[in-house]
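Numbering (my numbering), first residue to last: 3 to 244.
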């Protein structure tokens, strides 16, 4: 199995237990390092998608009579305190999840994240590009308080949630007149608008948005900088519901 085929399989199923895949992974330092990078990315994804706080957790905590239990001499006081302590610990863990993600994401810069993310997910997502439901596209962007203008929404070929340096984001593949192009939406990450990144045979351009930012990634000959204006004007903050 050559390196190109290995990385394609790695992007599709980085934790595969297929014997041929495992033999290839262990065949050289280059293959092992690619697998290690993919595993770091998977662990980051696990952290990013875990621990959503129940919407009524704070109300549940307020309803626990911790003050009366702590100040009374009733036999149930210690048990009630333990319940409160457990609930408070859970709240702290959930509240800290985003901070832990930011501290341990493993990326020292947005540029490093873009390259790492693309190496991990880019080829597999391009291979899946075959048209996407407009309803699903709208729903996924709405989770991040944003929407796509029709000019962009109409050319989304595949979309999924993904980790970013500051939490969850959206990975899209666009079917443009330049061919398939990747866009990663980072709702909470600021960037230097128009900054360019070159890696392998790819180039990327960063786009600052009213809410977060995006990275456009494609082959160097696709000149993805030409899509900057379209992406910047088409990922917009959704109007708040009254």
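Glycine is no exception: its CB is placed at the ideal position from the N, C-alpha and C atoms.
Since the structure is predicted, the reported quantities are computational estimates derived from the model, not experimental observations.
Using a 10 Å radius around the Cβ and a threshold of 16 neighbouring Cβ atoms, would you call residue 138 buried or exposed?
Reading the chain shown from its first residue, position 136 is the one you call residue 138. With fewer than 16 other Cβ atoms within 10 Å, it is exposed.
Within the segment 139-187, ranges of the alpha helix (DSSP H) (whole runs, at least 4 residues):
152-155
Please determine, among 205, 151, 184, the residue with the shortest C-alpha to C-alpha distance to residue 136.
Stepping through the chain shown from its first residue, residue 136 is reached at position 134. When only C-alpha atoms are compared, the closest one is 151.
Quick check on residue 224: buried or exposed, where buried means 16 or more other Cβ atoms within 10 Å of its Cβ?
Here residue 224 refers to the residue found at position 222 when the chain shown is read from its first residue. Per the 10 Å Cβ criterion, buried.
Span separating the alpha-carbon of residue 157 from that of residue 144:
Residue numbering aside, residue 157 sits at position 155 when the chain shown is read from its first letter. Residue numbering aside, residue 144 sits at position 142 when the chain shown is read from its first letter. In this structure, the alpha-carbon of residue 157 lies about 18 Å from that of residue 144.
Does DSSP put residue 215 in a helix, in a strand, or in coil?
Indexing the chain shown from 1 puts residue 215 at position 213. Three-state result, residue 215: strand.
Distance, Cα to Cα, residue 11 vs residue 23?
Residue mapping note: residue 11 aligns to position 9 of the chain shown, counting from 1. Residue mapping note: residue 23 aligns to position 21 of the chain shown, counting from 1. Distance between the alpha carbons of residue 11 and residue 23: 8 Å.
State the start and end residues of the unbroken beta strand (DSSP E) segment that holds residue 226.
Locating residue 226 in the chain shown gives position 224, where the first residue counts as 1. Run containing residue 226: none; DSSP gives neither H nor E here.
Which residues mark the beginning and the end of the alpha helix (DSSP H) in which residue 190 is found?
In the chain shown, counting from the first residue as 1, residue 190 sits at position 188. Neither: residue 190 is in no alpha helix (DSSP H) and is coded neither H nor E.
Going by C-alpha distance, which of 221, 160, 183, 238 is nearest residue 189?
One-based indexing of the chain shown puts residue 189 at position 187. Among 221, 160, 183, 238, the Cα nearest to that of residue 189 is on 238.
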